[in-house]
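Trainee: Residue numbers (numbering that gives the first Met the number 0): 0 to 159. The beta carbon of each residue, even a glycine, is placed where N, CA and C say it ideally should be. Nothing here was measured: the structure is a model prediction, and the numbers come from that model. Take a look at the following structure, please.
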Amino acid sequence: MNLSLSLYLAGLVLICFEVFVPGGILGTIGFFLIVGSIWIAFVRLGSVGGSYFLVGGLVLAMVCVYLVMKFGTKTRLSRKLFLQSTEKGFRSTSKNLEDLKDKTGISLTTLRPSGKALIDGGKVNVVSEGVFLPKSCKIKVVMVEGNRVVVRRIDEEKVS
């Protein structure tokens, strides 16, 4: 029983060390120590004793997880290990991109079909409608979908 319990606790400690020394080796060794301790418990104590050991080990593991979740997040170490900030107020799209609809500009790079353009005084990542457009050609924004700004070439003759 002492050997099984010692192997089980050593396995738990190695799995806990996996947080500090990533790579999977310590966690794998800890997992095999726990499995080995359960196997030894079944061999030495029989099926009933081994089952009690298994259930006790599961309860101990659940209690450890609960204690870490409850109290471990408030320690100085956990503040260094875990992200504390939130994503409140984060926007994945820029509000002012919607304002670019129907505006004209000049392509700063060759659009194959994506590239950069100067529209309304600012550099914008744009996508053409599937055709390649040369650098420094006049373009017009035809559609804005989230962060995707779709442009079309303006023919010089049609501009009045």
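Near arginine 43, which residues of its chain fall below 6 Å by C-beta distance, leaving aside the five closest residues on each side in sequence?
Mentor: none
Trainee: Go to lysine 87, then tell me how far its beta strand (DSSP E) extends in each direction, as first and last residue.
Mentor: Per DSSP, lysine 87 belongs to no beta strand (DSSP E) and is neither H nor E.
Trainee: Does the Cβ-Cβ distance between leucine 8 and glutamate 17 come in under 8 Å?
Mentor: no
Trainee: Between the Cα of leucine 11 and the Cα atoms of Cys63, Gly120 and Arg78, which residue gives the shortest distance?
Mentor: Cys63
Trainee: Reducing DSSP to helix, strand and coil, say where methionine 142 ends up.
Mentor: strand
Trainee: Between serine 50 and the rest of its own chain, which residues show a CB-CB distance below 6 Å, the 5 nearest in sequence each way excluded?
Mentor: none
Trainee: So, for lysine 157: in the same chain, excluding its five sequence neighbours on each side, which residues have a beta-carbon less than 6 Å away from its beta-carbon?
Mentor: For lysine 157, the predicted structure reports a pLDDT of 48, less than 50, and the residue's modelled location is therefore unreliable. The matter cannot be settled from this model.
Trainee: Nearest-angstrom Cα distance between arginine 151 and glycine 145?
Mentor: Distance between the alpha carbons of arginine 151 and glycine 145 is about 18 Å.
Trainee: With DSSP run on the structure shown, which of helix, strand or coil describes glycine 56?
Mentor: helix
Trainee: Opposite serine 123 in the DSSP bridges: which residues?
Mentor: Looking at the sequence shown, residue 123 is not serine but valine. When DSSP reads this structure, valine 123 sits in a beta bridge with Ala116.
Trainee: Check the DSSP bridge columns for valine 150 and list the partner residues they point to.
Mentor: Per DSSP, Ser127 and Val140.
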